[in-house]
Structure formats: C-alpha cells, structure tokens
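Worksheet for the structure shown next.
4 protein chains.
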Amino acid sequence: MTLIQIDNYGPWTVTPSPRAEADLQILQSELYADIQRQFAANSGLVFFTRFDNMLAVTNGVGAEEHLRIQKSIGNRYPITVSMGIGAAETPYEAQRKASAALQKYGGAQNENRKEILAIDGMVNSDESFVQIAHIDINGITNSLTDIIPAYDTSFIVNRVQHFLMKKLIEKGSLLFFIGGDNFMSPCNGLDPEGILKIIEEIEDEINIALKAGVGKAPNAEKAANLADLALEEIRGGFTYKLVHVMKE
Amino acid sequence: MTLIQIDNYGPWTVTPSPRAEADLQILQSELYADIQRQFAANSGLVFFTRFDNMLAVTNGVGAEEHLRIQKSIGNRYPITVSMGIGAAETPYEAQRKASAALQKYGGAQNENRKEILAIDGMVNSDESFVQIAHIDINGITNSLTDIIPAYDTSFIVNRVQHFLMKKLIEKGSLLFFIGGDNFMSPCNGLDPEGILKIIEEIEDEINIALKAGVGKAPNAEKAANLADLALEEIRGGFTYKLVHVMKE
Amino acid sequence: MTLIQIDNYGPWTVTPSPRAEADLQILQSELYADIQRQFAANSGLVFFTRFDNMLAVTNGVGAEEHLRIQKSIGNRYPITVSMGIGAAETPYEAQRKASAALQKYGGAQNENRKEILAIDGMVNSDESFVQIAHIDINGITNSLTDIIPAYDTSFIVNRVQHFLMKKLIEKGSLLFFIGGDNFMSPCNGLDPEGILKIIEEIEDEINIALKAGVGKAPNAEKAANLADLALEEIRGGFTYKLVHVMKE
Amino acid sequence: MTLIQIDNYGPWTVTPSPRAEADLQILQSELYADIQRQFAANSGLVFFTRFDNMLAVTNGVGAEEHLRIQKSIGNRYPITVSMGIGAAETPYEAQRKASAALQKYGGAQNENRKEILAIDGMVNSDESFVQIAHIDINGITNSLTDIIPAYDTSFIVNRVQHFLMKKLIEKGSLLFFIGGDNFMSPCNGLDPEGILKIIEEIEDEINIALKAGVGKAPNAEKAANLADLALEEIRGGFTYKLVHVMKE
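What follows is the structure, encoded as structure tokens:
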C-alpha cells in the first residue's frame, strides 16, 4: 500500500491568513480525484482517508509511476506530496510499514521534507494478491434516504463506519467510506466467515443489515470490480448469502 | 440549508454493469468540487456528506442560482442533481425541512424524478444568520500523524467525528468532516458554553483534546472564515479558552 | 472586457527545468475551465485566447467578484493571475484599455507583479450592452470532418479563423475560436450588413460558406445564448439569411 | 497517432436547446485535460486541435490503454469518445490513416456510432520514433505582450500559426498551438535544415523571428521534453542556431 501525504499542508492552509474553506475543499477533492485518476491508470485504487493523508492499494504500480505522479502534482498544485510504500500480508501491516517509511524522513509539517518517496517494500507482480470487500447497507434508499432527514442517514452511515472500522482493524483489515452507503475494505487474510461474523455482530449491536461482495485478484482495480460483481449477485438474489466471493 | 442529491445514482453506478470504482470516486469528488465552487461564488459552503447527498449552508444563495447550478451540472456530467431548500432556527431543523421538501417529489432512486428544485423556505437576507464552529484536535501532527500509522490516526479522527455527531445532533447542530483533523459544525442556537461542555465530555470519554473557533455572520463564507480566525487565535495562544467566538 | 494574465508564467514553466508539456497543457486548460466557471457564475464569458492571456466579456461582473476569483485561483494553483478591466464602445477598444491598464503595473514576466487588479473603467449596469456573433461553417461534418483527414479540417478551420480575425479587427470586433467549427465574435458596433459582407468576402476568397447568429443583451451569457438561438434558426431553415439577429 | 473524436457532439450541444456556451467551454477543456492526463500516464501527448476532435502522439500507448481511457470518459462525462489509430513514416500520413480508420465506422454525427476504437496500425516499440519541434516567437513578452493590446498579440500568434501550418503540412508535418507563443510540431522526416528554411521564410514574409528546439525519442513525452531542453539551449545562448536538436 501507498500512503500519500501533502507536505506541510496544515501551516499552508493558514498562511498568511486562513484560506477560504471552500477553496481548501475544492483543492482537496480535486487533488484526490487527480491522484485517483493517475493511480487508476496503473490499476491502483486510492481512498481519500483524511484528504491530506490518502491510502492507496498500489499492487502493480511501480516506483517510477509513483515518481511521475508526485512530479505531475507538484507541477499543477500549490502544494507537493510525499509518499511511503509498504508491503505485507495484511493491509493494516502494509500501511503501517508505509507510514513508518515516510515518517523516517520527517514529520508532515516539517518544512524541509518535500516530495519524498520512501519505499519500505513493494510486492513483486507474481506474488501480488489483493482482497477487497465492498460492503453496503441493505435497502438504505427505501428505509432511510427517502424517509428520514439527509443528515440522520449520514449519521447512521457514520455510525456503521465506526463499528466496521473497530471490528475490522482487529483482523488487520482496513475500511474506507466510498460514498452513499458504501464501504470498501482491503482485507487480505480475512476469510468470508470472518466478514460474515462482523456483519452479524453489527446487526445485533446496532440493528443495521449489511452485505458484502468480496473480490480477489492481483491488483486493486480487478479486486474492486469483482467485489462489485459479487455484491450485485447478492442484490440480484442470485445468492442468499450475506457475503459472496468472486475470484479472478 | 440545501440538500443536493444525485438523481437515481445508485442504479446508474451498476448499469449496465458495475462501473470502475476509481471512475466513481473521481466523478463524486469532482462533482463535489464543482458544486462547491459554484455555491462559493455566492458565498455558500457545501459539505460532501455522503457525496451522493450533500448538505450546504446557502444563506444568501437565491433560487435562480440554485437552478443555474443544477443546469450547469446537467450539462457537464452523466448524472443530474435535485435539490431541496429549507430554513429554520437550527441547522438540523433546516436540513430536515430541505429533505422533506425533496422527498415529496419522489425517492432518490425514482427514475422519473429529475432536476427537481423543492423549496420549503428560504431566509431573507436581513434575517440571515449563520453560526459555524471549526473544531480540530490539539497537536495531532506531533502526537499522532508523525508517530502512529496513517490508518490509526484516521481511525481516531473517525471516532472523534462519531462522538461529536452524537452530542451535537442533540443540540440541533450538524457536524461535517472537512479533512485532516478538522470538522465544521453549523450550530445556530448552540452557545459557547454548550460547545465547551461537549469538548470537555469528549476529553473525559475518549481522552482526545479538542478546540473550537466559532464564527457568526450573515453567510456561510464569512462565518467559516471568522471561525478559522477564531481557531487561529487559540492556536496562537492569544486566548486560553478552548472555545473562541468571533462576530462580524 | 477583462484581460486575465498569468503572472510570470513563461519563466515558471522552465524553472528549474522545463516542466512536462502534458502537465502544462492540463494546468492551462483546467485553469481556463475554472476561471470560466467562476465568471459564468456572474454571467460573464471567458475566451481561452492564448491560455496564459485570456480575454473575457465581463459586463455585470463587479470588482469584488474579480478579486474573489483571483484569490480563489491563488489558493488552488501554483501560479497567480493579474487582471485588467476596460470599457469602451467596441470590444477591441475595451480590451486595448484593459491591456494598457494592466501593462502599467509591469510586464507579464515582471517577478514583482502579482495578483494585480487594474481597472481602467467598468460599464454601469443600465448602460451595459453586449453584442456577440456565433459564426460557424456550413455543413462541415458532411463536407469535411467525415471525409478528409482530421488535421486537414483543423487546417481549414484555422484558415477561416485567420481571415475572420483580419476582417473583424478592422471593425473593432474580436474573434475567438470556441471549438469544432465555431467562432464567437464580441462585435458591438458592427451591424448585420457588416457581418454579412465579411461572410460573403470569405466565400469569395477561400470558398468557405459561413453563417452567423447574432445576440444582443445586457450581459455575455444572454448575448451568447441568443446568438446560439439565432444560429439554430438558420440551421433549422426558419430563415434564409446568412446572418440572423435576436434581441432580448 | 490517435484521433479522439466526441461522438455526435454537435447535435448534443443544441439538444433540446443550445446549452450554455460557458458550460460547453468548461466541458471541452476539462475533457481535454482529462484525456491528456490519461495518455500522459502512458507517455503520450495530446493536442486539443478542435476540442471535439483531438490528435495525439501515442507511440507506446497500447490498444488496452485506449479502451480504458474511452471507458473512463464514458463513465464520467455526458458524452462518449471514439478513437482511430494510425501509424506511418510522417505524422500527417499517420493522422490521415487514423482518420480514415474511424470514418469507416460512420460519421462524427452518426447517432449509432459510439465508443469505437478503430485501429489501422500501431508501431511496435522497437521501431517507435517520435520527432517533435517546439517553436516559439523570439522575445514576444517584451516586444508584444507588454506593449500592444492582448488581442493584437493573439492576432499575430494566430498569423504565425497559419503560416507555419501552411508550410509544415507540405513536409508531412503537423503544427499545434500549445498556448502563449508556443507551437509543437510532430515532424518525423523533416530535417533541421527544412525547419530552418521555414523559419527564415516566415521572417522574410511576415517579419516574425522564430526559433525551434527539436527532440528525438521513442515516445512523445521524451521527444517533447528534449525539444523543450533544446529550446532552452537557444534561449540561454548556448547555441546561436535558430534550430537546435537533441536526441535521447
């Protein structure tokens, strides 16, 4: 995985005086879209995470591509980005290594740290394997979006995210909100039963019914696509399972 | 407030087959940046919320501007957006009215509902008043970002968001994550003591120290800017309070 | 009219070494789209011109909006823009005044000139009048695009542009390529007969048949829209004239 | 080379009624930036040409990448694009073949033609060779931009473009305006003496002094970069030649 971090962003946002919040929101979301587009061109997938810190599943994206993206961002934005790359058996461990690799070069607000590419390790293509779960809330549109206020729905979605994050991190899996009522979880090492157990616990604890499509492939693009297809199978009633897996 | 909702988005994302996740992420974040830029041109402020449902503080943005933005999006994206507008004493109540106004015209996945502008009520300029709190985590960069893994930091930030949402909604205030360790809360009707109490409770419950700058002005742009300035005063040590208010 | 000029752009593009041409092309076209969107929010219309120098018809766009746009660009791009504003009877004269006003503050590559807003004069709303002609080539798709090589068609389009610019500048009118086989000409002071004469001359000289829709309104947005509608009337055969005018 | 053509664009722009010109300008320039970014990720280079028809030097970009880009655009814009690919000794011949290949599938305004990828031929990597000339006007900032009106400068730049196109097409070379006073010419098969002769003719005919940096490499990105470096050598006075060539 790759950690993408804006260099010295916090201080920049308030120098010389606080920049218009709307401009910062535009900058952050366009930067995310831009980085997403460039990693996607190499079959990677980026999650916005905190916007100033993004995490990406980058199996198959080489160091040269990372450098090209850094340079391209530096040429078109008022800020620069540093990156850390790590590889491990679980996504949690991979991002931990990626974070540590970058942290070695100085803090996020270190004025002297700029456009660093810190590589702890990268997976070689023949061993590359990505497992991603696409999780959503059953029938949210009819049961929530169309009935209760928009904020209440987003409150519930955030609550679900909070519970999912708490349970998945214990398994070495990550969870990212991807809009609507959808979440994506890079979850190498977590088996379907493990995911089902988490879904059942959440139904018990907060009475929200979830389902998950799981994709397994050599890169994030294919794994995410298979996870979508698996989720469609559940939605379409082709399977009664709450967790459905599709391999390449 | 205005609720901006993508028309029939869910079905579109999987028709004829699931679209590449990266493309959807790019589409959503560019749409948000685009809508933000257009509302900002009229001193409004948009929060991405769930991306397919966005909430905006739009005091001073007229119906004509809303229509222009709808049309402009319809001309440049593969999707269209409907909007609901509501006004009330508290942000929560305003978004509730905005949601109800739009829901009357059909569900988010109703194929026949397209580019609706549903107005429950709008505030007239002389009565317009916006209060926004900019809340962040004290010294997160040194204590978290530069030390622990990136995902762990975002886990803590999400946890803080979850607790803040829970406490603020009881006061009729909303909370939105705006990146990094920053949150913005439209909080008309909530006094500084009320915000301080919530900050203290969170420090007790999850041991995370927060601070809040509060801005009061006729529109969201000015209120957010004053909130930023107030937060800078705390950061700069010009006040020892954890909640600092600035009026126009 | 408003001249929008990137500050000290040339030197920036080659410092420290020439930046990737693709990045510069992306930067320029996104900057244009961005500035267009913001002026359009105030019913203005921007032409990309040379990209590092853009000309815009900005009747009705106030000094405050110009400043807001400058600041917003400065917050989101690695470059800043300066602007000059001029008003006159003819578009040519207006851009001449706008250019002179900005030139007074230093050259385009003057390192010390940054985010200048130089106002020579602005039209007040009750006297505001914009005349825009939308000119295109008759049946270009069937006669050229679908038959000859793409470059040959663009060669012919450029040739038409060259002849139109030469003839229109003598009348104090401007001409901008807006894509495809379309041109827009801010042409206050030029009557339909004058435009028809130019179209006929070009048919004689280079044997290309043109037609023009002309719109007259208080701002660029409405004038351009009326020009489009007038052109549609000719395309639709509702008039046999080669030049058709629509007023508000 | 690759021809990228928006499917049935003309009719779309006026259906049901003419769309706001500003929106079309934003759509076109963002589409160009987007396509540029995606081809650039594979070391290609796109020229905006007529915006609804773009020409790109795509040596080294495979059919799969072309398909990915088409799909990505189709997922995020209200329009789709078709592409034709051709290979030849000269750029002119290559775009001719690319155009013919696409034209076979139906016209640009054929309602049934959608997302076609028409391949006449592609160069294999070991034979791939791109020659690009970066041509600009000597001292334009001091002599024109900072002295005469902005439109007059763009008039002169367009005049230079017109003359360059006329002379280069006879040599099988193409010419594209890339902003400011800069032009790029894919010119495989044209030797430095040929370029110098054209520059001298233009100085004689319209008294404008040009210079050219020429780059030779296996792909467009490297060739353009070498052309930039060669031009810098002339600007820096490291060579007195008006045409300077750099090879990989």
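Protein chains in written order, with our numbering: chain A, 963 to 1210; chain B, 963 to 1210; chain C, 963 to 1210; chain D, 963 to 1210.
The beta-carbon is built from N, C-alpha and C at its ideal position, and this holds for glycine as well.
Please read all numbers here as calculations on a predicted model, not as lab measurements.
Those residues which DSSP pairs with residue i across a bridge
| i | result |
| --- | --- |
| residue 993/A | Its beta-bridge partners do not exist; DSSP assigns none. |
| residue 1209/D | 1178/D |
| residue 1173/B | 1098/B |
| residue 1093/C | 1178/C |
| residue 965/B | 1017/B and 1046/B |
| residue 1008/C | 1018/C |
Any C-beta of chain B under 8 Å from that of residue i
| i | result |
| --- | --- |
| residue 1079/A | no |
| residue 1082/D | no |
| residue 1195/A | no |
Chain-order list of residues whose beta-carbon lies under 8 Å from that of residue i (same chain, five-residue window excluded)
| i | result |
| --- | --- |
| residue 1180/B | 1021, 1022, 1087, 1090, 1091, 1092 and 1210 |
| residue 1130/B | 1136, 1137, 1147, 1149, 1152 and 1160 |
| residue 1186/D | 1007, 1094, 1096, 1146 and 1177 |
| residue 1049/B | 963, 1056, 1059, 1082, 1083, 1084 and 1085 |
| residue 1064/A | 965, 967, 1044, 1045, 1046, 1078 and 1080 |
| residue 1028/D | 964, 1020, 1045, 1047 and 1079 |
For residue i, the three-state DSSP class (helix, strand or coil)
| i | result |
| --- | --- |
| residue 1082/B | coil |
| residue 1040/B | coil |
| residue 1153/D | coil |
| residue 1019/D | strand |
| residue 1119/B | helix |
| residue 1146/A | strand |
| residue 1204/C | coil |
| residue 1141/B | strand |
| residue 977/C | coil |
| residue 1103/C | helix |
| residue 1161/B | helix |
| residue 1126/A | helix |
| residue 1068/B | coil |
| residue 1168/D | helix |
| residue 970/B | coil |
| residue 1111/A | coil |
| residue 1192/B | helix |
| residue 1197/A | helix |
| residue 1060/A | helix |
Nonlocal neighbours in the same chain, by C-beta distance under 7 Å from residue i, ignoring five residues either side
| i | result |
| --- | --- |
| residue 1127/C | 1137 |
| residue 1121/B | 1168 |
| residue 1032/A | 1043, 1045, 1077 and 1079 |
CB contact below 8 Å: residue i versus chain A
| i | result |
| --- | --- |
| residue 970/C | no |
| residue 1040/C | yes |
| residue 1107/B | yes |
| residue 985/C | yes |
| residue 1181/B | no |
| residue 1037/C | yes |
| residue 1075/B | no |
Sequence-distant residues of its chain with Cβ nearer than 6 Å to residue i (five each side left out)
| i | result |
| --- | --- |
| residue 1208/D | 1177, 1188, 1191 and 1192 |
| residue 1078/C | 1044 and 1067 |
| residue 1140/C | 1146 |
Cutoff 8 Å: residue i Cβ touching any chain C Cβ
| i | result |
| --- | --- |
| residue 1031/A | no |
| residue 1000/B | yes |
| residue 977/D | no |
| residue 989/A | yes |
| residue 1152/D | no |
| residue 1003/B | yes |
| residue 982/A | yes |
| residue 1034/A | yes |
| residue 1147/D | no |
Proximity test, Cβ basis, 8 Å: residue i and chain D
| i | result |
| --- | --- |
| residue 1113/C | yes |
| residue 1174/C | no |
(request) Report yes or no: do three or more beta-carbon pairs, one from the region 1147-1162 of chain D and one from the region 1061-1078 of chain D, lie closer than 8 Å? (result) No: the two stretches stay apart, fewer than three of their Cβ pairs being nearer than 8 Å.
(request) Indicate whether the contact test is met: 3 or more Cβ pairs, each with one atom in the region 1183-1198 of chain A and one in the region 1092-1101 of chain A, closer than 8 Å. (result) These segments touch.
(request) Evaluate the contact criterion for the region 1004-1019 of chain A versus the region 1110-1120 of chain B: three or more CB pairs, one atom per stretch, below 8 Å. (result) The region 1004-1019 of chain A vs the region 1110-1120 of chain B: in contact.
(request) Taking 8 Å as the threshold, find out whether the region 1031-1041 of chain D comes into contact with the region 965-982 of chain D through three or more Cβ pairs. (result) At 8 Å Cβ cutoff, the stretches touch.
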